Ligand code: GDP
Ligand code: MG
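Numbering (the UniProt record's numbering), first residue to last: 2 to 164.
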């Protein structure tokens with residue numbers, strides 16, 4: 002079986018945008034699970050000669066509950082269960098939030114390899130927005146832009162290296 006990379010993060014940080022850029026048209030499975038009212042989406046990615054499954058956790062809603070903290074906690078639990086490497090996506094425009102800190106603590110306790118992707122860095126001269134995410138404790142955050150497609154190679158380098 003292929004190794005698994007999961008993308009977790011708050012709603013609207015750009016998870017699905019990046020997921021779609023990584024998989025191209027290699028959408029694999031859309032799966033329903035008991036207790037999960039929305040689909041999670043699997044795709045196939047390939048980078049540096051490595052093939053992997055990638056999960057966009059963004060569609061998950063537990064029991065119809067859409068409170069952000071519950072939502073991202075459920076995503077993080079799923080990623081911790083299933084993934085070999087977790088891409089923890091945050092939003093440079095929104096900055097660091099309480100929900101980000103909650104997810105970071107869960108991921109930290111799991112001891113799974115984590116790469117922090119700071120999305121919406123549309124202007125790579127504005128790296129100041131990235132530094133605060135060092136504080137999450139997962140090493141160097143990778144600046145990316147889903148809109149422009151920049152930084153995604155660096156992100157995949159970092160993620161595949163940890164597989
Ligand atoms: P998700 O909820 O985490 O899956 O986020 P989406 O991929 O659906 O994106 C949420 C919104 O952010 C959409 O309106 C995207 O067009 C926008 N978005 C995604 N990536 C970027 C980016 O790099 N820069 C900017 N400015 N907007 C982005
Ligand atoms: Mg999404």
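We put the beta carbon where it would ideally sit given N, CA and C, even for glycine. Remember, it's a predicted structure, so these values are computed and weren't measured experimentally.
State the CB to CB distance for the pair residue 89 and residue 10, rounded to an integer number of angstroms; the pair is presumed to be in contact (CB under 8 Å). 6 Å
Relative to the ligand GDP, is the shortest distance from any of its heavy atoms to the C-beta of residue 169 smaller than 6 Å? A question about residue 169 goes unanswered here, because the residues of the chain that appear run from 2 up to 164.
When burial is assigned at 16 or more other CB atoms within 10 Å of the CB, is residue 158 buried or exposed? exposed
6 Å CB neighbourhood of residue 142 in its chain, flanking five on each side removed: 117, 119, 131, 134
Any contact between the segment 2 to 9 and the segment 71 to 91? By contact I mean 3 or more CB pairs, one from each, below 8 Å. yes
Using CA atoms only, rank isn't needed, just tell me which of 55, 103, 153 is closest to residue 73. 103
Taking a contact to mean a Cβ-Cβ separation below 7 Å, would you say residue 46 touches residue 19 in this structure? no
Between which two residues does the alpha helix (DSSP H) containing residue 107 stretch? 99 to 111
At the level of alpha carbons, what is the spacing between residue 144 and residue 128? 8 Å
Contact set for residue 115: own chain, Cβ-Cβ below 6 Å, skip 5 residues either direction: 87, 89, 108, 139
Alpha-carbon spacing of residue 123 relative to residue 75, whole angstroms: 29 Å
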